[in-house]
Amino acid sequence: MKGRGVIQKKICMLGGFAVGKTSLVKRFVTAQFSEKYHTTIGVKIDQKSLCVDDTEVHLVLWDMYGEDDFQKVRASYLRGSSGYLLVIDGTRKETLDVARQLRLLASQSMGAVPYVLMINKHDLRESWKVTPEMYKDLASNACLVLQSSAKTGEGVELAFLELAKQMLKI
Amino acid sequence: MASGQGAKNNSMAGSQQPSSSSPRFSVKESKGFSHLRQLLLAPEQHELDRLKTRLDQFSLHPKDVGRVLPDAIRLRAQQDTRLLASLIPVTQEALALSIKQSPQLISDSIAPILGSAIRKAIAHAMRGLMQSLNQTLECSMSWRGLQWRWEAFRTGKSFAEVVLLHTLRFRVEQVFLIHKKTGLLLNHVVAEGVSGQGEEVISGMLTAIQDFVCDSFGQSQDEGLESIRIGDLTVWIEQGWGAILAGVIRGAPPMELREVFQETLETIHAQFSELLQAFQGDASSFQETRLQLEDCLQAQFEQKSRGLPWAFWIVLGLLMLGLGMWAFQAHADQQRWAYLLERLDQEPGLVMTSIQEEGTPTIYGLRDPLAINPDQILSDIGYSSQQVVFRLKPFMDLTPEFVQKRAMIQLRPPSSVVGNLEGTTLILKGEAPHSWIQQAHLLGPLLPGVTHIETRQLVDTDLKQFETLKAELESKTITFEVGNSDISLDQRSTIRDIDQTIQALDQTATILGIFPRIQIQGFTSPDGGKEVNQSLSALRAKAVLNELANGSFQAINLRTVGVGSDRLPALSSTGKAVSQERRVAFRVILPPPASVPKSRR
Numbered sequence: 011m012k013g014r015g016v017i018q019k020k021i022c023m024l025g026g027f028a029v030g031k032t033s034l035v036k037r038f039v040t041a042q043f044s045e046k047y048h049t050t051i052g053v054k055i056d057q058k059s060l061c062v063d064d065t066e067v068h069l070v071l072w073d074m075y076g077e078d079d080f081q082k083v084r085a086s087y088l089r090g091s092s093g094y095l096l097v098i099d100g101t102r103k104e105t106l107d108v109a110r111q112l113r114l115l116a117s118q119s120m121g122a123v124p125y126v127l128m129i130n131k132h133d134l135r136e137s138w139k140v141t142p143e144m145y146k147d148l149a150s151n152a153c154l155v156l157q158s159s160a161k162t163g164e165g166v167e168l169a170f171l172e173l174a175k176q177m178l179k180i
Numbered sequence: 002m003a004s005g006q007g008a009k010n011n012s013m014a015g016s017q018q019p020s021s022s023s024p025r026f027s028v029k030e031s032k033g034f035s036h037l038r039q040l041l042l043a044p045e046q047h048e049l050d051r052l053k054t055r056l057d058q059f060s061l062h063p064k065d066v067g068r069v070l071p072d073a074i075r076l077r078a079q080q081d082t083r084l085l086a087s088l089i090p091v092t093q094e095a096l097a098l099s100i101k102q103s104p105q106l107i108s109d110s111i112a113p114i115l116g117s118a119i120r121k122a123i124a125h126a127m128r129g130l131m132q133s134l135n136q137t138l139e140c141s142m143s144w145r146g147l148q149w150r151w152e153a154f155r156t157g158k159s160f161a162e163v164v165l166l167h168t169l170r171f172r173v174e175q176v177f178l179i180h181k182k183t184g185l186l187l188n189h190v191v192a193e194g195v196s197g198q199g200e201e202v203i204s205g206m207l208t209a210i211q212d213f214v215c216d217s218f219g220q221s222q223d224e225g226l227e228s229i230r231i232g233d234l235t236v237w238i239e240q241g242w243g244a245i246l247a248g249v250i251r252g253a254p255p256m257e258l259r260e261v262f263q264e265t266l267e268t269i270h271a272q273f274s275e276l277l278q279a280f281q282g283d284a285s286s287f288q289e290t291r292l293q294l295e296d297c298l299q300a301q302f303e304q305k306s307r308g309l310p311w312a313f314w315i316v317l318g319l320l321m322l323g324l325g326m327w328a329f330q331a332h333a334d335q336q337r338w339a340y341l342l343e344r345l346d347q348e349p350g351l352v353m354t355s356i357q358e359e360g361t362p363t364i365y366g367l368r369d370p371l372a373i374n375p376d377q378i379l380s381d382i383g384y385s386s387q388q389v390v391f392r393l394k395p396f397m398d399l400t401p402e403f404v405q406k407r408a409m410i411q412l413r414p415p416s417s418v419v420g421n422l423e424g425t426t427l428i429l430k431g432e433a434p435h436s437w438i439q440q441a442h443l444l445g446p447l448l449p450g451v452t453h454i455e456t457r458q459l460v461d462t463d464l465k466q467f468e469t470l471k472a473e474l475e476s477k478t479i480t481f482e483v484g485n486s487d488i489s490l491d492q493r494s495t496i497r498d499i500d501q502t503i504q505a506l507d508q509t510a511t512i513l514g515i516f517p518r519i520q521i522q523g524f525t526s527p528d529g530g531k532e533v534n535q536s537l538s539a540l541r542a543k544a545v546l547n548e549l550a551n552g553s554f555q556a557i558n559l560r561t562v563g564v565g566s567d568r569l570p571a572l573s574s575t576g577k578a579v580s581q582e583r584r585v586a587f588r589v590i591l592p593p594p595a596s597v598p599k600s601r602r
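As you go down the protein sequences, you meet chains A and B in turn.
Residue numbers for the first sequence follow this note's numbering, beginning at 11 and rising by one.
Residue numbers for the second sequence follow this note's numbering, beginning at 2 and rising by one.
As structure tokens, then:
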């Protein structure tokens, strides 16, 4: 059990189907649970410890199943989150719309909590179809917008760290 | 007041001047100058003196130190741990001194917390010790224990683990206190020997599963999952408005445990209601729920209905068996002894007069020499001759059985004779030689318990032999030629047979003590004259006597008689029959019976 000075925070990974949420989590943590949870109950939970300004933060990551026509993100899973990572696939413009819907759902379920907008798959930069203009509405309220790659690890640590910092400020 | 103080201060200043002030003032100082200086600079001088005095005495002023000490300690402690290090020995010594000087005070101060802590610690340790001791005792050397050791060896598990799995009814292995809204872990306790891992993630997954189930079946969050079962593990979940209590239980928990969980959750809600509402991820405040959660870590092991360890039952069983065997043996011994006494009592020819049962049992009494050997009875019943001692004096038993038995032994009859006592008469049956019958008649009245010997049913073999020989002799004839009294050659062998028969008769008659007479009767055919035939028949009888007279007979007396013809002349006869008429025949004549044996006596 944690001692004094340890803060736990629940955060969610939100984004469309196959935007790379699970890969980002994998980059960030050593996964404990099977991927099967995604398809069965629609969420897989992992945990990662961070240190923010001498405060130990335990992030409990709720990695949601990518929303598509077949499976919707359950609002109940978002309840109690202190923040979230909104992930867009840079190579697919349609993931922007999904992100917008999820952002709406998140604000309804969680209230005004910080989020980090991640334009993922930066390793495929040449195939990107998404431009900053397209997601400027999503970026306006985000505490951080960054281009990331689960493949190279670019932006991953930073995204989680920044989100943790923002969550602690509240 | 002010002038007074000034004068005092002045004098103080003056007295210190040789050491602290410049010497040139003291040299050149005059009374007027000093007065002028006092007039011009008195207030400043006074202030200077006051400050100087205070500066000199500052470090020693407890009031000032007391004012700054708490802040000073706090600030210094924040800086580093040196102050703490410095205080440790002082505090230790102070504490030691305090305990030494007023132990009661310290004792009173810590008693409320220490007593409870000690009781809890001891109870916990004793519980663990008893449990471990019981299990070790029960499992170490029993057959089941050996099986479990084999299982532990086979599966690679520790013996303790195998014992636990087999003897456990239920055990709460982990208890999670989960914040309901966020699914974050508030506190988590595990039972001894159980390793908790990833409890924060498990907490999240439990919440997610609950959410999933509630969403899927349209239930409200307050009616979430109550129980999850995975193999031998059960997760019981209690819902509260702010927190969830989840207990991971191995085995089959009783329903009472639910109540424990519910009460614990209610208590936590009552105590931490504000903290639960305001929870932002800092679970440190919920550390205080540890004791309450640990109360949920209950376990129940197999109730041993037998209550006592198997070794006790084995010893008790052996004792009971021993006691049973002893009782059985004692009973059997008693029965055997009673049977022995009964048997001895019923045995003919044995009379018990007294019994001494102390030490080696000794039986005193009388024994007829013809009675059974008492050692034989002992052997039949299973005693050795050393176990029971007989002190028996000989006596004569006059019961009919013994009288008969004794009589038959003393008479030494041939095997063909049986005796039967009726009253005082010994009735003998069978066959016996004449001499033995005679002896029996003589000895009979002398036998104890016998007055008469009855031999009417006893066959005298010698007399029987005599009768047989007599009949044989009387059936034989010697035939003669017509008108002739000479014994022809072909009749010689018949003469020899007759001679041997008469010899045998003589021997038998000697044994019987009788003196029979054998009449040798001569016969003729009717042919011829009567006188001639009379004379011829007498010649023929004498001729035979002469042949037989060669043998000497002890008891038999031979006589001849000429009968003549014993057939009437009118009767005709065949030739063969006529030749048979010219013969000599024999007739054995016994003397009157009464006189025969008596004459021999």
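Cβ coordinates follow ideal geometry from the N, Cα and C atoms, glycine included.
Please return the same chain residues whose Cβ sits closer than 7 angstroms to the Cβ of residue i, not counting the five positions on each side in sequence.
{"i": "Ser23/B", "result": "With a pLDDT of 44 at Ser23/B, under the threshold of 50, the predicted position of this residue should be treated as unreliable, though the coordinate-derived value follows. The answer is none, since no qualifying residue turns up."}
{"i": "Arg337/B", "result": "Ile382, Gly383"}
{"i": "Arg113/A", "result": "Leu96, Leu148"}
{"i": "Arg150/B", "result": "Phe160"}
{"i": "Gly30/A", "result": "Val97, Asp99, Asn130, Lys131, Ala160"}
{"i": "Arg233/B", "result": "Note on residue identity: the sequence assigns Asp, not Arg, to residue 233/B. The answer, listed in chain order, is Arg251, Gly252."}
Out of the options, which has the shortest C-alpha to C-alpha gap to residue i?
{"i": "Tyr145/A", "options": "Ser137/A, Ser92/A, Gly26/A, Leu127/A", "result": "Leu127/A"}
{"i": "Ala300/B", "options": "Leu429/B, Leu513/B, Gly194/B, Leu49/B", "result": "Gly194/B"}
{"i": "Lys182/B", "options": "Thr208/B, Val202/B, Gly530/B, Leu448/B", "result": "Thr208/B"}
{"i": "Thr141/A", "options": "Ser59/A, Asp133/A, Leu106/A", "result": "Leu106/A"}
{"i": "Glu174/B", "options": "Phe280/B, Gly252/B, Phe554/B, Arg120/B", "result": "Gly252/B"}
{"i": "Val533/B", "options": "Asn547/B, Asp500/B, Thr511/B, Gly484/B", "result": "Gly484/B"}
{"i": "Gly146/B", "options": "Gln102/B, Thr168/B, Gly157/B", "result": "Thr168/B"}
{"i": "Thr354/B", "options": "Thr361/B, Leu342/B, His47/B", "result": "Leu342/B"}
{"i": "Thr425/B", "options": "Gln405/B, Leu258/B, Cys297/B, Arg51/B", "result": "Gln405/B"}
{"i": "Glu473/B", "options": "Ile519/B, Asp334/B, Gly514/B", "result": "Ile519/B"}
Show which residues of chain B have a CB atom less than 7 angstroms away from the CB atom of residue i.
{"i": "Tyr87/A", "result": "Ala209, Asp212"}
{"i": "Ile55/A", "result": "Val202, Gly205, Met206, Ala209"}
{"i": "Ile51/A", "result": "Ala209, Ile210, Phe213"}
{"i": "His68/A", "result": "Glu201"}
Assuming contact is defined by CB atoms lying nearer than 7 angstroms, are residue i and residue j in contact in what I supplied?
{"i": "Ala408/B", "j": "Val451/B", "result": "yes"}
{"i": "Ala116/A", "j": "Tyr87/A", "result": "no"}
{"i": "Ile21/A", "j": "Ser119/A", "result": "no"}
{"i": "Phe262/B", "j": "Leu277/B", "result": "no"}
{"i": "Ile479/B", "j": "Thr502/B", "result": "no"}
{"i": "Thr509/B", "j": "Phe467/B", "result": "yes"}
{"i": "Thr268/B", "j": "Ile250/B", "result": "no"}
{"i": "Ser386/B", "j": "Leu393/B", "result": "no"}
{"i": "Ala441/B", "j": "Ile428/B", "result": "no"}
{"i": "Cys215/B", "j": "Gly225/B", "result": "yes"}
{"i": "Leu187/B", "j": "Leu178/B", "result": "yes"}
Below 8 angstroms on the Cβ atoms is my contact criterion, and I expect residue i with residue j to pass it. Report the Cβ-Cβ distance as a whole number of Å.
{"i": "Ser99/B", "j": "Ile107/B", "result": "6 angstroms"}
{"i": "Phe396/B", "j": "Asp376/B", "result": "Wrong, their Cβ atoms sit about 18 angstroms apart, outside the cutoff."}
{"i": "Val70/A", "j": "Ile55/A", "result": "6 angstroms"}
{"i": "Leu540/B", "j": "Leu549/B", "result": "Actually they are not in contact, since the Cβ atoms of Leu540/B and Leu549/B sit about 15 angstroms apart, beyond 8 angstroms."}
Excluding the 5 residues preceding and the 5 following residue i in the sequence, name in chain order all residues of the same chain whose CB lies nearer than 6 angstroms to its CB.
{"i": "Val564/B", "result": "Gln522, Phe524, Ser538"}
{"i": "Gly241/B", "result": "Leu266, His270"}
{"i": "Leu591/B", "result": "Pro517"}
{"i": "Pro401/B", "result": "Leu422"}
{"i": "Arg25/B", "result": "Unreliable positioning characterises Arg25/B in this predicted model, as indicated by a pLDDT of 47, which lies under 50. The coordinate reading is nonetheless provided below. Contacts found: none."}
{"i": "Gln458/B", "result": "Lys430"}
Which residues of chain B have a Cβ atom closer than 8 angstroms to the Cβ of residue i, listed in chain order?
{"i": "Arg84/A", "result": "Asp212, Phe213, Asp216"}
{"i": "Ser150/A", "result": "Here the premise fails: no neighbours, minimum Cβ distance about 26 angstroms."}
{"i": "Ser92/A", "result": "Thr183, Gln281, Gly282"}
{"i": "Gly25/A", "result": "Those do not exist, as Gly25/A stays about 18 angstroms from chain B at its closest Cβ, beyond 8 angstroms."}
Counting only the same chain and skipping the five closest in sequence on each side, list residues whose C-beta sits under 8 angstroms from that of residue i.
{"i": "Glu582/B", "result": "Phe524, Thr525, Ser526, Pro527, Ser566, Asp567, Arg568, Ser574"}
{"i": "Cys61/A", "result": "Val67"}
{"i": "Glu104/A", "result": "Gly26"}
{"i": "Pro593/B", "result": "none"}
Residues of chain A with a CB under 7 angstroms from the CB of residue i: which are they?
{"i": "Leu1/B", "result": "This structure cannot speak to residue 1/B, because chain B is shown only from 2 to 602."}
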